[in-house]
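Asks:
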Amino acid sequence: MIRRTSFLALLIASAAACAQQGQPVATPANAPQAAAGADQAAATVRQQGVQSAAEQAAVGSQQAAGVAGQAAQSGAEAVSGAAQDAAAAAQAPQPATPAEPQLEIVDRVVGKGQTAELGHKVTVNYTGWFYKPMARNQRGRKFDSSLDGGRTPLDFQLGAGQVIKGWEQGVAGMKVGGKRTLIIPSRLGYGARGAPGGMIPPNTDLIFDVELLGVK
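With numbering that gives the first Met the number 0, the residue at position 81 of the sequence shown is 80, and numbering never jumps.
#1: Between the Cα of residue 152 and those of 173, 132 and 124, spot the shortest distance and give me the residue it belongs to.
#2: Alpha carbon to alpha carbon, what distance is there between residue 187 and residue 113?
#3: Determine the contact status of residue 171 and residue 181, defining contact as a CB-CB distance below 8 Å.
#4: With DSSP as the reference, label residue 137 as helix, strand or coil.
#5: In whole angstroms, give me the CA-to-CA distance for residue 280 and residue 84.
#6: Taking residue 165 as part of the alpha helix (DSSP H), name the residues at either end of that continuous run.
#7: Output the distance between the C-alpha atoms of residue 190 and residue 203, rounded to the nearest integer angstrom.
#8: Am I right that residue 192 and residue 184 are in contact with their C-beta atoms under 8 Å? What's the rounded C-beta distance?
#9: Is it buried or exposed, residue 211, if we count other Cβ atoms within 10 angstroms and call 16 or more buried?
#10: Report the partner residues of residue 144 according to the DSSP bridge assignment.
#11: Does DSSP classify residue 157 as helix, strand or coil?
#12: Could you please give me the residues that DSSP links to residue 181 through a beta bridge?
#13: Residue 214 bridges to which residues according to DSSP?
#14: Of the choices 214, 215, 208 and 213, whose alpha-carbon is the least far from that of residue 104?
#15: Please confirm whether residue 144 and residue 127 have their CB atoms less than 8 Å apart.
#16: Mind checking whether residue 110 and residue 213 have CB atoms under 8 Å apart?
#17: For residue 167, is the classification buried or exposed, using 16 other Cβ atoms within 10 angstroms of its Cβ as the cut-off for buried?
#18: Can you list, in chain order, the residues of its chain whose CB lies under 6 Å from that of residue 119, leaving out five sequence neighbours each side?
#19: Between residue 5 and the rest of its own chain, which residues show a CB-CB distance below 6 Å, the 5 nearest in sequence each way excluded?
#20: When you compare only the Cα positions, how much space is there between residue 139 and residue 116?
#21: Using DSSP bridges, identify the partner residues of residue 174.
#22: What is the rounded straight-line gap between the Cα of residue 173 and the Cα of residue 194?
#23: Assuming residue 137 and residue 199 are in contact, meaning their beta carbons sit under 8 Å apart, how far apart are those beta carbons, in whole angstroms?
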């Protein structure tokens, strides 16, 4: 009897405390419902937490995709800009490479005899000067001539390498009796070495008057 009274007193005290806090009284009758409600509340919290995490992950994925898209666009723009620069550089006018000086041939008198060709032995008279474009008749100091006293005409074979290339090219095609002026750039003359003995300095352009006397 005493135990039952004590138990009832405890229930009354518990009910009073719950009433003051505005919470439903937990009694043996409604205890299962209270437990079910607590489980449902916990499940709701877990569901909300999972949903919130999923939403945050989705937002993070969208942001990452946006950053990746911007990076890809920036990379594409950089590649496109580099390609445009390369195309512009390719289309830009390139500095012209200076052409090498060529042999100049001026026929003073056109001959009427046999034509000098490669392999022929020819006989010529000649006079050579240093080429001076601003000088009178473009002739500087004379350095050699077959017409000087005690000299004789020069014989050589065309194409045999016996004379400078300017002569090989300049005499070929002449007819006996013809006279030509040959303006010979250094590369077809004595080049960077100059003539043996120092008669003609290195890298010197020359001018010759040549008369073809005979062809064999």
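Here a beta-carbon is modelled for each residue, glycine too, at the ideal position from N, C-alpha and C.
Predicted model only: the values in this text are computed from it and were never measured.
Replies: In this structure, then:
#1: 124
#2: 26 Å
#3: no
#4: helix
#5: No statement about residue 280 is possible, as the shown extent of the chain runs from 0 to 215 and does not include it.
#6: 164 to 170
#7: 7 Å
#8: Actually they do not touch by this definition, with Cβ atoms about 15 Å apart.
#9: buried
#10: 126
#11: coil
#12: 104 and 207
#13: 121
#14: 208
#15: yes
#16: no
#17: buried
#18: 157 and 214
#19: Interpretation of residue 5 is limited by its pLDDT of 48, a score under 50 that renders its predicted location unreliable; the figure taken from the coordinates is listed afterwards. So no residue of the chain qualifies.
#20: 30 Å
#21: 114
#22: 26 Å
#23: Between residue 199 and residue 137 the Cβ distance is about 17 Å, and since that is not below 8 Å, they are no contact.
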